[in-house]
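Worksheet: one structure, shown below.
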Amino acid sequence: MRMMVWPLVAAVSLALAGCNSGSSTQAANGANPAAAGSAAQAAAHSVSGTITIRGSDKPSASDKLVINLVDVSQQGSTPLATKTIAPATTFPLQFELGFNTADVVPNDLYVVKAELIDGDRHYEMPLQAPVLTKGHPVTNVSIELVPQQTPGEKELAAFQAEQKQLGAMKIHTGTKLEKDISYGWQVFRQNDQVQFIRARADRGDKGFTATDFAYKDGKPWVVVQQKKANQGAKPSSIDRAGWSADGTLVLKQHEASGKVSPLDDSDAASLKQQALDMLNMATGGKGN
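Using mature numbering (1 follows the signal peptide of the UniProt record, and there is no 0), the letters of the sequence shown map in sequence onto residues -27 to -1, 1 to 261.
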């Protein structure tokens, strides 16, 4: 009986050795992608990728791109890496953020945050870009920046939305004749407050102006003025000015010959004074 047991024991031992050898070979050949990926992330010293801009907008030569590698698991923590590129005028743009591997917390979540600032225009990320840990990439990171409305554009959009509501407001009309100038206006009120005045000024052969004045809390909010050769002509220019709640001039546009340029501060100040004068004229000095 003993002579028969030894071969059986030897066969079992060889089978177990073969299994162990196969497992070792499988691990050595990287058959566990999750473990291999974690190892690659742990060894990484940088995160890299490409930044693009949605749409046809082209930033100016005075723009600034800020890129941060942030641990979002730790609110208010210092970025693991940061880089500023100014100007950043060529897109798609390649980036790389180097960092100290010892600062990485394996169980935390890291993202790349990028923002492009070009005057009043900000370009932001609509989607997060997780990287580095939890199986997320360290290379070929793709980031898209989307242009946001400027403060002035937000005021203009709100103004245009207000225009669409004029039909629901109380309307009062008036006229006034001065030397060489004929005025006509419509006053739109809501809750006993002047919200809007649509004014026309005819100066004969010196030209015609059509102006929309919008108000908030009795103060000029947005003014859009068209200048024409006469009432039936197309506008030769359109000026737009608007102010935020704290009185800051945020909308300043001068449009002529199909091109839009910044409106001079002095011209914006003139439109604001016209709004005050028109409010005084149309309400008999009451302001509401």
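Glycine is no exception: its CB is placed at the ideal position from the N, C-alpha and C atoms.
Only a predicted model underlies this, so the values are computations on that prediction, with no experimental measurement involved.
Annotation: Q247 to L66 spans about 47 Å, alpha carbon to alpha carbon. Under the DSSP definition of a beta bridge, D93 lacks any partner.
For S115, no alpha helix (DSSP H) segment is defined; the enclosing uninterrupted segment is the beta strand (DSSP E) at 114 to 120. For the options A255, Y156, E151, E97, the alpha carbon positioned closest to that of V39 is the one of E97.
If you look at G71, you'll find it in the beta strand (DSSP E) that goes 66 to 71. Per DSSP, G125 is one residue of the alpha helix (DSSP H) stretching across 124 to 136. Taking I24 as the centre and dropping the five residues before and after it, the same chain places the C-beta of F64, P65, L66, F68, A87, I116, L118 closer than 7 Å to its C-beta, in chain order. Judged by DSSP secondary structure, K179 falls outside any alpha helix (DSSP H); it is assigned neither H nor E. The alpha-carbon of T106 is positioned some 12 Å away from that of T74.
Within 10 angstroms of the beta-carbon of R176 lie fewer than 16 other beta-carbons, which makes it exposed. In the same chain as W158, and ignoring 5 residues on each side of it, the C-beta atoms closer than 6 Å to its own belong to G147, I170, A172, A255, in chain order. The three-state secondary structure of N203, taken from DSSP, is coil. Bounds of the beta strand (DSSP E) holding Q159 are 154 to 163. When secondary structure is reduced to three states using DSSP, D219 falls in the coil class, being assigned neither helix nor strand. Boundaries of the alpha helix (DSSP H) harbouring L244: 238 to 255, taken from the DSSP string. Taking a contact to require three or more Cβ pairs closer than 8 Å, the segment 136 to 145 and the segment 43 to 54 do not qualify as touching. When DSSP states are grouped into helix, strand and coil, D185 belongs to the strand group. Residue environment for T184: buried (at least 16 other C-beta atoms within 10 angstroms of its C-beta). Per DSSP, the continuous beta strand (DSSP E) segment holding D44 begins and ends at 37 to 44. Nearest C-alpha to D44 among A59, P79, G92, L244: P79. For the pair E135 and P124, the Cα-to-Cα distance works out to about 17 Å. Just measuring C-alpha positions, the residue of V20, D240, D93 sitting nearest Y83 is V20. A54 sits in a strand when the DSSP states are folded into three classes.
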